[in-house]
Structure formats: structure tokens, C-alpha cells
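Visitor: Pasting a structure here, questions to come.
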Amino acid sequence: MILGTPWWVFMFVVFIFFSGYMAFRAFRAERLLEKQFIEREGKVYMERIEQARENKNADQKKQELVS
526 MILGTPWWVF
536 MFVVFIFFSG
546 YMAFRAFRAE
556 RLLEKQFIER
566 EGKVYMERIE
576 QARENKNADQ
586 KKQELVS
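Just so you know, we're using the working numbering here: the sequence shown kicks off at 526 and counts up by one.
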């Protein structure tokens, strides 16, 4: 007993704080992974838009040459 409190009570409090720390760490890691996923998908989307723009410009140039 420490200060009239059983040792297992202190261990319980320590485990509560440890659990909170681990939850916070997992939340940060998940947020980082989500950010990386969003950036990667955004890059794919922008590449697709750029490709469509280039195709559109190429088609317009072909039409101008044919006319």
C-alpha cells in the first residue's frame, strides 16, 4: 500500500494513461496515412485531367489542320 491506496489502483491509473497515449498515437498515424492517401489520389486525378486536356488540345489542332 502506498499512502493508504493499494498498488493495483496505481497500476490501473497508469494503464489508463498508457491507453490514452496509445490511442492518441494511433490517431496521429491514421491521420498521416489518410493524408498520404488523399495526396496520392489527388495526384492521379490531376494527371487524368492533364491527359484529357492534352487530348482535347490535340483533337482541336487536328480539326484545324483538316479544315
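In this text, a Cβ means the ideal position worked out from N, Cα and C, and glycines have one as well.
Just so it is clear, the structure is predicted and the values come from calculations on it, not from any experiment.
#1: Could you tell me the distance, in whole angstroms, from the CA atom of residue 557 to the CA atom of residue 586?
#2: What are the boundary residues of the alpha helix (DSSP H) that includes residue 567?
#3: Given this structure, state the Cα-to-Cα distance separating residue 584 from residue 568, to the nearest angstrom.
Guide: The answer reads as follows:
#1: 43 Å
#2: 532-591
#3: 24 Å
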